[in-house]
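K.L.:
For the sequence shown, my numbering assigns the number -7 to the initial residue and increments by one for each residue that follows.
For each residue, glycine too, the CB sits at the ideal point set by N, CA and C.
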Amino acid sequence: MSANSADRNPQPADRNPQLDVVLVKAGRTKIRYSGELLADDGTRVAVRAAWAGSGVRDFGFVRFEPGDVFTEYYWRDRWYAVKEVRSGTGALKGWYCDVTRPARRSGPELVVEDLDLDLWRSADGTDVRRLDEDEFAESGLGESDPEAASAALAALDELESLARGDGFAALLA
């Protein structure tokens, strides 16, 4: 059994109900938080977690705040993660999408490398915006790893296409 074969095998959610999500950026852990493992089919991992930030984060177009609940979807074969965001009362705020390298799971830990590009889709679908393209350009990924940079840009284009249509329903079903 190879080191990565366990990462690809489906694991029932009830065998490991808590999962630590580790978001890595530029080789360093940006944030680590625990969530409830909802499903892992060997390709996609679904986690539910409370807002892990400290206090309120106001982007101008959405506010993340204590009490918000994120249902997060990560893929081992896609270059992004999609996070459904709901208020503490259950009202859908929208979807925050991170462009990432494919997720890696090892036991109770899911590691995701953030590649700076993000996308937001409001609950009603009228606001779809690409985020942090300037940070991505400044990251130097295009020079240091052109293949990863190309995959990241393609992932952002795919997310935008899904967000502008009705693609999220099928993707997250």
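Just how far apart, CA to CA, sit residue 5 and residue 116?
P.N.:
In the sequence shown, counting from the first residue as 1, residue 5 sits at position 13. In the sequence shown, counting from the first residue as 1, residue 116 sits at position 124. Unreliable placement is indicated for residue 5, whose pLDDT of 46 sits below 50; the coordinate value is still reported in the next sentence. Near 31 angstroms, if we compare the C-alpha coordinates of residue 116 and residue 5.
K.L.:
Apart from the five residues just before and just after residue 23, which ones in its own chain have a Cβ nearer than 7 angstroms to its Cβ?
P.N.:
To locate residue 23, count along the sequence shown from 1; it is residue 31. So the list reads 15, 44, once near-sequence residues are dropped.
K.L.:
Within a Cβ cutoff of 8 angstroms, which residues of the same chain sit near residue -2, ignoring the five residues on either side of it in sequence?
P.N.:
Stepping through the sequence shown from its first residue, residue -2 is reached at position 6. Confidence is the limiting factor: at residue -2 the pLDDT is only 44, short of 50, which leaves the residue's position unreliable, though a coordinate-based value still follows. For residue -2, where only same-chain residues beyond five positions count, the Cβ hits under 8 angstroms are 98.
K.L.:
I want to see whether chain D comes within less than 8 angstroms of residue 45, judged by CB atoms only; does it?
P.N.:
Here there is only one protein chain, and chain D is not present.
K.L.:
Looking at the strands, I want to know which residues DSSP matches up with residue 43.
P.N.:
For the purposes of this step, residue 43 is identified with residue 51 of the sequence shown, where counting begins at 1. For residue 43, which the question treats as bridged, DSSP gives no partner whatsoever.
K.L.:
Alpha carbon to alpha carbon, what distance is there between residue 41 and residue 161?
P.N.:
Walking along the sequence shown from the start, residue 161 turns up at place 169. Walking along the sequence shown from the start, residue 41 turns up at place 49. C-alpha separation (whole angstroms): 20 angstroms.
K.L.:
Under the three-state reduction of DSSP, which class applies to residue 159: helix, strand or coil?
P.N.:
Locating residue 159 in the sequence shown gives position 167, where the first residue counts as 1. The answer is helix: DSSP assigns residue 159 an H, G or I state.
K.L.:
Pull up the distance between the alpha-carbon of residue 87 and that of residue 47, whole angstroms please.
P.N.:
Within the sequence shown, the letter at position 95 stands for residue 87. Within the sequence shown, the letter at position 55 stands for residue 47. Each residue's alpha carbon lies about 20 angstroms from the other.
K.L.:
One question on the structure: do residue 199 and residue 65 come within less than 8 angstroms of each other, judged by their Cβ atoms?
P.N.:
Only positions -7 to 165 of the chain appear in the structure, and residue 199 is not among them; the question remains open.
K.L.:
Between residue 100 and residue 32, which are expected to be in contact by the criterion C-beta below 8 angstroms, what is the C-beta distance as a whole number of angstroms?
P.N.:
Position 108 of the sequence shown holds residue 100. Position 40 of the sequence shown holds residue 32. Not really, about 11 angstroms apart at Cβ, beyond 8 angstroms.
K.L.:
Following the continuous beta strand (DSSP E) through residue 62, name the residue where it begins and the one where it ends.
P.N.:
Taking the first residue of the sequence shown as position 1, residue 62 is located at position 70. Segment 61 to 67, the beta strand (DSSP E) holding residue 62.
K.L.:
How would you label residue 143, buried or exposed, when you count the other beta carbons within 10 angstroms and need 16 or more for buried?
P.N.:
Taking the sequence shown and counting its residues from 1, the one referred to as residue 143 is at position 151. Residue 143 comes out buried.
K.L.:
Could you tell me if residue 38 is buried or exposed, where buried requires 16 or more neighbouring beta carbons within 10 angstroms of its beta carbon?
P.N.:
Translated into positions along the sequence shown, residue 38 becomes position 46. Label assigned to residue 38: buried.
K.L.:
Pull up the CB-CB distance for residue 108 and residue 136, whole angstroms please, since I reckon it's below 8 angstroms.
P.N.:
As a first step, residue 108 must be located in the sequence shown, where it is residue number 116. As a first step, residue 136 must be located in the sequence shown, where it is residue number 144. 13 angstroms between Cβ atoms; not a contact.
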